[in-house]
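Report on the following structure.
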Amino acid sequence: MKKAIFLNFLFIPYYFCLCAQINNDYRTNGNNGNWTNTSIWEVYNGTAWVAATNYPGQITGTNNISIEGNSEVTINTIIPNSFNSLSITSGKLLIGDDATLNTLLITLYNNGLIEWITNNTDLALPMNAVIIISGGNLVEETPCNATKTLTIGTTVYASCNGGGGGVDIDFSDINNNGGTLNALPTSNAPLCLGQPLSLFANPSGAGSSGASYSWSGSGPNEYSFNSTLENPTDTTISTIGTYTFTITITDSFSNSNSNTLNIIVNEIPNSPQSQGNQTVCSGTTATLNATVGSSETVDWYDAIIGGALLLANNTNFTTSVSGSYYAETRNTNSGCTSSNRTEIILYNKSCTVITNRRITYRVRQ
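Numbering (my numbering), first residue to last: 871 to 1235.
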């Protein structure tokens, strides 16, 4: 088998979605042919789909590629430049000889197929690349043998029948498990300072069952984090700022997949400043007022902790009922709330009413 050749590839996060077209997207036009044949491609120029003058990946700047409309595209070479993603819907990517695609994401949608049509052929993808099975599949039809291989990174990840060279994953494993090994980390971020951080590996794909996990993290003030749990929690973050966490998932065959996410830790706003308690005659309304900073608002409660929300998103609270009211600051961008609430009290006083024929006086007792 020919040795797979990898070009320098910048790792960037990917997202599993069907997105609207953007400039320099490519799609097949219904014709069959070799990937490097420009006559089978259309390119989106920012306004409309037009005939391509370069094949996708020939020059830098290719974004997303789609094989559709029952087109069959044969690939048998190294595509020199990276691109965002490859989607195959009701079409085929045919592996005719050793080939390299520099993309981190291939998705096989309804009836989308990848088929190795020649023995002793390899499809090579960069480290951390993922194939997602979403209605399509890798073709397993005979002759299915160990010389038809998929390489991710520098090692053979799978062969058609799972045999040869110590390869244990076959194409059926990939099809039945929704794709290749994949970790797509998420968290409960954005966080407010003092809130525990929860991380989730979200493993999927062939080999993910029984896989091992390795988390690493870094951030402000020489923050460092490590864990071998699938879904760890950290309560030690003590500084606002941006933190970076990387998860590496490794299956029992030593295949691995890594992905990174950034989380933001926001500051806790100060408690509201009371504009003073108020005293009014019984039955008379009064407006309690609290002031907060820029991009902040006030939520009013009936208790210093917990309690019922009386009014949201207003620095003023109008009532005629005497008692204590509690103002809490909330940052309208981050959603973070003040650690403490500010008590503001409304007092009711009995008042004596003095009336003459023209004027009524209410005298506070």
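Here a beta-carbon is modelled for each residue, glycine too, at the ideal position from N, C-alpha and C.
Cβ-based neighbour list, residue i, same chain, cut-off 6 Å, excluding 5 preceding and 5 following
{"i": "Pro1090", "result": "Thr1109, Gly1111"}
{"i": "Tyr884", "result": "Low local confidence applies: a pLDDT of 38 at Tyr884 is under 50, so the model's placement there is unreliable, and no value is given."}
{"i": "Glu1100", "result": "Ala1071, Tyr1083"}
{"i": "Arg1200", "result": "Thr1167, Asp1169, Thr1207"}
{"i": "Asn1218", "result": "Ser1152, Ser1192"}
{"i": "Ile1022", "result": "Leu995, Ala999"}
{"i": "Ser1194", "result": "Glu1213, Ile1215"}
{"i": "Gly1033", "result": "Ala1016"}
{"i": "Trp986", "result": "Ile965, Lys1018"}
{"i": "Thr906", "result": "Tyr925"}
{"i": "Asn954", "result": "Asn933, Asn934"}
{"i": "Ile984", "result": "Leu963, Leu1008"}
Pairwise C-alpha distance: residue j and residue i
{"i": "Glu942", "j": "Leu964", "result": "7 Å"}
{"i": "Ala1197", "j": "Gly1205", "result": "15 Å"}
{"i": "Cys887", "j": "Leu1180", "result": "The pLDDT assigned to Cys887 is 43, lower than 50, so where the model puts this residue is not dependable; a value taken from the coordinates is nonetheless given after this. The straight-line gap from Cα to Cα measures roughly 41 Å."}
{"i": "Thr977", "j": "Ser957", "result": "5 Å"}
{"i": "Tyr1093", "j": "Ser1126", "result": "25 Å"}
{"i": "Ser1057", "j": "Ser1128", "result": "16 Å"}
{"i": "Ile935", "j": "Tyr1171", "result": "53 Å"}
{"i": "Ala890", "j": "Thr1114", "result": "29 Å"}
{"i": "Thr1116", "j": "Asp1040", "result": "28 Å"}
{"i": "Leu1008", "j": "Asn1140", "result": "57 Å"}
{"i": "Ser1124", "j": "Ser1086", "result": "19 Å"}
{"i": "Thr1155", "j": "Ile1138", "result": "33 Å"}
{"i": "Ala921", "j": "Gly903", "result": "15 Å"}
{"i": "Ser1004", "j": "Thr1106", "result": "39 Å"}
{"i": "Thr1188", "j": "Leu1158", "result": "6 Å"}
{"i": "Ala819", "j": "Gly1176", "result": "Outside the displayed range of the chain (871 to 1235) lies residue 819, so it cannot be described from this structure."}
{"i": "Thr1098", "j": "Thr1118", "result": "10 Å"}
{"i": "Tyr914", "j": "Glu1010", "result": "34 Å"}
{"i": "Thr1237", "j": "Ile949", "result": "Any answer about residue 1237 is impossible in this case: the structure gives the chain only from 871 up to 1235."}
{"i": "Arg897", "j": "Val1162", "result": "53 Å"}
{"i": "Asn1045", "j": "Trp919", "result": "32 Å"}
{"i": "Gly1146", "j": "Gly1064", "result": "30 Å"}
Collapsed DSSP secondary structure at residue i in the structure displayed
{"i": "Ser952", "result": "coil"}
{"i": "Ser1042", "result": "helix"}
{"i": "Thr908", "result": "helix"}
{"i": "Leu1216", "result": "strand"}
{"i": "Ile1117", "result": "strand"}
{"i": "Gln1143", "result": "strand"}
{"i": "Val1162", "result": "coil"}
{"i": "Asp1104", "result": "strand"}
{"i": "Ile1174", "result": "coil"}
{"i": "Arg1211", "result": "coil"}
{"i": "Gly831", "result": "One cannot answer for residue 831 here, as it falls past the ends of the chain, which runs 871 to 1235."}
{"i": "Glu1198", "result": "strand"}
Environment of residue i [buried if 16+ CB atoms lie within 10 Å]
{"i": "Val1191", "result": "exposed"}
{"i": "Pro1142", "result": "buried"}
{"i": "Val1000", "result": "buried"}
{"i": "Ala1182", "result": "exposed"}
{"i": "Thr991", "result": "buried"}
{"i": "Ala969", "result": "buried"}
{"i": "Asp895", "result": "buried"}
{"i": "Ala1173", "result": "exposed"}
{"i": "Pro1013", "result": "exposed"}
{"i": "Thr1050", "result": "buried"}
{"i": "Ser1088", "result": "exposed"}
{"i": "Ile1133", "result": "buried"}
{"i": "Ser1079", "result": "exposed"}
Same chain only: Cβ atoms within 7 Å of residue i, ignoring 5 sequence neighbours per side
{"i": "Phe879", "result": "The predicted position of Phe879 is uncertain, since its pLDDT is 35 and thus under 50; no value can be drawn from it."}
{"i": "Asn899", "result": "Ile910, Trp911, Glu912"}
{"i": "Thr930", "result": "Asn951"}
{"i": "Asn1031", "result": "Cys1014, Asn1015, Ala1016, Asp1040"}
{"i": "Asn1210", "result": "Ser1141"}
{"i": "Asn901", "result": "Ser909, Ile910, Ser941"}
{"i": "Ala1178", "result": "Tyr1171, Asp1172"}
{"i": "Leu1054", "result": "Asn1072, Asn1129"}
Beta-carbon spacing of residue i, residue j below 7 Å
{"i": "Asn1136", "j": "Cys1062", "result": "yes"}
{"i": "Leu1069", "j": "Gln1148", "result": "no"}
{"i": "Asn1096", "j": "Ala1076", "result": "no"}
{"i": "Thr944", "j": "Gly966", "result": "yes"}
{"i": "Asn981", "j": "Ser960", "result": "yes"}
{"i": "Asp1043", "j": "Ala1081", "result": "no"}
{"i": "Asn893", "j": "Gly916", "result": "yes"}
{"i": "Ser1074", "j": "Asn1052", "result": "yes"}
{"i": "Ala1160", "j": "Thr1130", "result": "no"}
{"i": "Tyr979", "j": "Gly939", "result": "no"}
Close beta carbons around residue i, own chain, < 8 Å, minus the five adjacent residues each side
{"i": "Val1026", "result": "Asp992, Thr1019, Leu1020, Gly1035, Val1037"}
{"i": "Thr1103", "result": "Pro1066, Leu1067, Ser1068, Leu1069"}
{"i": "Ser1165", "result": "Asn1201, Thr1202, Asn1203"}
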